[in-house]
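Notes follow the structure.
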Amino acid sequence: MNQLKVTISILSFVSLLFGNCKPASNNDPFSDNLFYVLLLNAIANGREEDCYFSSAGVNGDALYNDQWHLQNLGQLGGTVGEDANVNPVWNQGASGNQVIVSVVDDGLDIRHEDLSSNISVTARGLNLLNNTIYPTHSYSTSFHGTAVGGVIAARGNNFVGVRGAAPCSKLVGVNILEKSTIYSSDEYRAMINESSRVSISNNSWGSPDGYGWLWPSSSLWQQGVREGLLNGKTGKGTVYVWAAGNGANGGTISSPVLVDDANYDGQANFYGVMAIGGIGQDGKKANYSESGANLWVVAHTQGNNATAYTTAISTTDASGSFGLNTGSSSGDYSQSSYTKKFNGTSSATPLAAGVISLLLSKYPNLSWRDVRELVAYSARKNDPADGDWTTNGAGLNINHKYGFGAVDATSLLTRAGTWTPITATHSSYILPVLSPNTPIPDNDLVTGATVNYPVSTSYTYIEYVDVEFTSNHTYFPELYILITSPSGTTSFLSVPHACANPYNNSLCSTGNTSIASMTGSSTYRFGLARNLGENPNGNWTIQVYDASATDTGSINSVRLQIYGR
1390 MNQLKVTISI LSFVSLLFGN CKPASNNDPF SDNLFYVLLL NAIANGREED
1440 CYFSSAGVNG DALYNDQWHL QNLGQLGGTV GEDANVNPVW NQGASGNQVI
1490 VSVVDDGLDI RHEDLSSNIS VTARGLNLLN NTIYPTHSYS TSFHGTAVGG
1540 VIAARGNNFV GVRGAAPCSK LVGVNILEKS TIYSSDEYRA MINESSRVSI
1590 SNNSWGSPDG YGWLWPSSSL WQQGVREGLL NGKTGKGTVY VWAAGNGANG
1640 GTISSPVLVD DANYDGQANF YGVMAIGGIG QDGKKANYSE SGANLWVVAH
1690 TQGNNATAYT TAISTTDASG SFGLNTGSSS GDYSQSSYTK KFNGTSSATP
1740 LAAGVISLLL SKYPNLSWRD VRELVAYSAR KNDPADGDWT TNGAGLNINH
1790 KYGFGAVDAT SLLTRAGTWT PITATHSSYI LPVLSPNTPI PDNDLVTGAT
1840 VNYPVSTSYT YIEYVDVEFT SNHTYFPELY ILITSPSGTT SFLSVPHACA
1890 NPYNNSLCST GNTSIASMTG SSTYRFGLAR NLGENPNGNW TIQVYDASAT
1940 DTGSINSVRL QIYGR
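End of the sequence shown sits at 1954 in the working numbering; the numbers just go up one at a time, nothing left out.
If you want it as structure tokens, here you go:
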């Protein structure tokens, strides 16, 4: 199901992560005129209704028992308690009330029986396919955004269907992925749509999975995110969550192994977003979920159980015979407006968004910077036996597979109760370019090439780090690139991997996959989340090793940009 959505965003592809978005019969978004008249009237005159939710109504949603990601009792064979830990938070009265979440995707079924009462009446939707405010899917096979919306905010205790992690939060849809060609201007509009009202922007899409390429993000997209951080949520900043990607399990190439990394995606590794990976009901990494030094946290989704869909996520599907569940789908619900087959980091990301919505419903004055740090500091150390766990210089648990750990709603709100809001101005320090032109020894995993990069700033606390790396190496995928902070935290920016040509799906040939050929630029930016809280000052070390023979090159330049205070 990990299907590539064949759209082009300027020079890059766009992937609909674990989704399906093929044109088929047209679904007229204007068929229910009364609904839209009422919706327009509410947008013009109304405010969001108050929603009252009690978690005591466990049986108040027909399919709730299947939603192990909300309450894992081992009902589907998983580890008891391996879930988002939302029930104690619901019992505290936090359910997402008055929090607006933007679903940037392939549309959102605003008439769905389990979503319609949680569609925002103050924030306008955006359909970039037909330039209207109605985000509902236009194609009969589209469903992805509706599934995402259900994970976040399916209405709770309405005696139908499923329940969202934040069953009282409000949704506004942005349909960008049904466009056959997506321009950077579309990405910009998607990021800023109603941002003054939007608390959280959920993005279960991004660069293609399974190619091993470096995919830059457009400057217009970056501008949109920056504007959302500055102006979103009435000046507190919109929180952007981004799917880490599903390309870690080998893609279409088996030899050498093709392993995608979330840090190869110029959207998922941007400082303004939180990249979300996926874990299963045993708390272990889903084999497809991409690792990366940019990964912020992980959330629950279908894991590695080989039995078809028994551990996937139950959520809303496009209404009737539309969407993933057509009513005759093997192994799915008989109620075709729901599915139990949603998976990937596409479903992990909205679970994180729903948990953050719970936080903001109780603590609405938190800024986007407060939120991301609270999520990091409160994350649970899942899969504790995994050998990659270590602590950074600030004492935070870190893991390339899991970021700071698993999202935990109860821990998050507990931490928020004693949190001191960040008051320092958001800023960054762009350090000088260092141009060592150091040769990288060919086929050498022992010596490698080393660059020492001294850093001296007024900051004592890292929020995020950008690493700009320039090399003329003729086969970039065979390089190990590591960076070590002054505190001694070592992070992998890239590891040797296969590379597939996205235009013909063949194995890349040597000599045509330098950074320049892969990105259109001789410089690529990596993101570092793992150094959160460390002091940036001192000597940073960049090490590069060449894992195979023949192709050669040098480290031409390195530059760090430190976001901090």
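Backbone N, C-alpha and C fix where the C-beta goes; we use that ideal spot for every residue, glycine too.
Under the Cβ criterion (8 Å, minimum of three pairs), the segment 1452-1469 does not count as touching the segment 1567-1576. If you keep only unbroken alpha helix (DSSP H) runs of at least 4 residues inside the segment 1712-1783, you get 1734-1751, 1757-1767.
For residue 1707, the CB contacts under 6 Å within the same chain, skipping 5 residues up- and downstream, are 1498, 1526, 1532, 1535 in chain order.
Residue 1491 and residue 1588 have their alpha carbons spaced roughly 8 Å apart. Contact between the segment 1624-1641 and the segment 1749-1761 is present, with at least three C-beta pairs closer than 8 Å.
Boundaries of the beta strand (DSSP E) around residue 1838: 1833-1844.
Taking a C-beta distance under 7 Å as the contact criterion, residue 1562 and residue 1485 do not qualify as a contact pair. Per DSSP, residue 1950 is one residue of the beta strand (DSSP E) stretching across 1942-1953. Rounded to the nearest angstrom, the Cβ distance from residue 1638 to residue 1690 is 14 Å, too far for a contact under 8 Å.
Excluding its 5 nearest sequence neighbours in each direction, residue 1825 has C-beta neighbours in its own chain below 7 Å: 1840, 1944, listed in chain order. Around the beta carbon of residue 1470, fewer than 16 other beta carbons lie within 10 angstroms, which makes this residue exposed. When 1510, 1683, 1814, 1669 are compared, the shortest CA-CA separation from residue 1657 is found for 1683. CA-to-CA, the gap between residue 1924 and residue 1670 works out to about 36 Å.
By a beta-carbon distance limit of 8 Å, residue 1473 contacts residue 1744. Their separation comes to about 6 Å. Out of 1856, 1953, 1872, the CA that lies nearest to the CA of residue 1812 is found in 1953. The C-beta distance from residue 1856 to residue 1914 rounds to 7 Å, short enough to fall under 8 Å. Our two residues, residue 1951 and residue 1916, have alpha carbons roughly 10 Å apart in a direct line. Remark: C-beta atoms of residue 1601 and residue 1887 approach each other more closely than 7 Å.
DSSP places residue 1923 in the coil class of the three-state scheme, outside both helix and strand.
Of the candidates 1873, 1797, 1594, 1797 places its Cα closest to the Cα of residue 1460. Approximately 6 Å separates the beta-carbon atoms of residue 1599 and residue 1647; this is inside 8 Å, confirming the contact. In the structure shown, residue 1885 falls within a coil segment according to DSSP collapsed to helix, strand and coil. Residue 1633 is classed as buried because its beta carbon has at least 16 other beta carbons within 10 Å across all chains shown. Taking the Cα positions, residue 1583 is about 39 Å away from residue 1467. Residue 1509 and residue 1567 do not touch by the CB rule: their CB atoms are close to 20 Å apart, not below 8 Å. For residue 1533, no beta strand (DSSP E) segment is defined; the enclosing uninterrupted segment is the alpha helix (DSSP H) at 1533-1542. With respect to residue 1948, residue 1822 sits close: the two C-beta atoms are nearer than 7 Å. Within the segment 1615-1669, the beta strand (DSSP E) runs of at least 3 residues that lie entirely inside it are, in chain order, 1628-1632, 1662-1668.
In the structure shown, residue 1802 falls within a helical segment according to DSSP collapsed to helix, strand and coil. Rounded to the nearest angstrom, the gap between the Cα atoms of residue 1664 and residue 1537 is 16 Å. Around the beta carbon of residue 1548, fewer than 16 other beta carbons lie within 10 angstroms, which makes this residue exposed.
Restricted to the segment 1471-1525, the beta strand (DSSP E) segments that are unbroken, complete and at least 3 residues in length are 1489-1494, listed in chain order. Around the C-beta of residue 1894, fewer than 16 other C-beta atoms lie within 10 Å, and the residue is accordingly described as exposed.
If you ignore the 5 residues before and after residue 1677, its C-beta comes within less than 6 Å of the C-beta of 1635, 1637, 1638, all in its own chain and listed in chain order. For residue 1517, the closest C-alpha among the options 1487, 1581, 1480 is that of 1581. Put simply, the backbone Cα of residue 1621 is about 13 Å away from that of residue 1612.
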